[in-house]
Amino acid sequence: VELVESGGGLVQAGGSLRLSCAASGSIFSMNTLGWYRQAPGNQRELVAVINSGGKTTYVDSVKGRFTISRDNANNTVYLQMNSLKPEDTAVYYCKLTELYRVGEYDWWGQGTQVTVSS
Numbered sequence: 020v021e022l023v024e025s026g027g028g029l030v031q032a033g034g035s036l037r038l039s040c041a042a043s044g045s046i047f048s049m050n051t052l053g054w055y056r057q058a059p060g061n062q063r064e065l066v067a068v069i070n071s072g073g074k075t076t077y078v079d080s081v082k083g084r085f086t087i088s089r090d091n092a093n094n095t096v097y098l099q100m101n102s103l104k105p106e107d108t109a110v111y112y113c114k115l116t117e118l119y120r121v122g123e124y125d126w127w128g129q130g131t132q133v134t135v136s137s
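Position 33, counted from 1, in the sequence shown is what the working numbering calls 52; the numbers after and before it change by one each time, with no gaps.
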């Protein structure tokens, strides 16, 4: 399985960006797709996750500003980020979690930099 992210960049505070992550390979149908981020000196944190049925979960700091969605036919997950703040600056990573009866298996993308200037 390979995950390829795109859409990062530099944006002013209040602006918007849309991240995409395309998964390829043999992917188990029961899975979740999520976005995580890691700022310098910080641990990687969950931003948002969506399961194969479309149920979503967000970290409190992005609720109302970010929207996660997925295209199951193309194994792609998106993160629409609006009203960006400087504290959103981080490397954003896509993660695919395959959910097997006996456990889970994670796949990570390479990350894409998001920088929000004040």
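Virtual Cβ for every residue (Gly too), placed ideally from N, Cα, C.
Source: prediction; values computed, not measured.
C-alpha gap between residue i and residue j, whole angstroms
i: valine 140; j: glycine 26; result: With the chain covering only 20 through 137, there is no way to say anything about residue 140.
i: phenylalanine 85; j: asparagine 93; result: 21 Å
i: glutamine 132; j: leucine 36; result: 11 Å
i: glutamine 62; j: serine 71; result: 26 Å
i: serine 137; j: methionine 100; result: 16 Å
i: glycine 33; j: isoleucine 87; result: 18 Å
i: proline 105; j: glycine 28; result: 13 Å
Proximity of residue i and residue j at Cβ, strictly below 7 Å
i: valine 68; j: glycine 53; result: yes
i: cysteine 40; j: valine 96; result: yes
i: threonine 116; j: threonine 75; result: no
i: leucine 103; j: methionine 49; result: no
Pick from the options that is closest to residue i, judged by C-alpha positions
i: glutamate 123; options: Lys74, Tyr77, Ile46; result: Ile46
i: leucine 38; options: Leu22, Thr51, Gly44; result: Leu22
i: tyrosine 77; options: Val30, Leu98, Val121; result: Leu98
Query raised in the report: Is it true that the stretch 58-75 meets the stretch 122-131, where meeting means three or more beta-carbon pairs spaced less than 8 Å apart?
Result: Counting Cβ pairs under 8 Å, fewer than three are found: no touch.
Query raised in the report: Pairing CB atoms from the stretch 54-61 with CB atoms from the stretch 108-115, are three or more of them under 8 Å?
Result: Three or more Cβ pairs closer than 8 Å define a contact, and the stretch 54-61 meets that threshold against the stretch 108-115.
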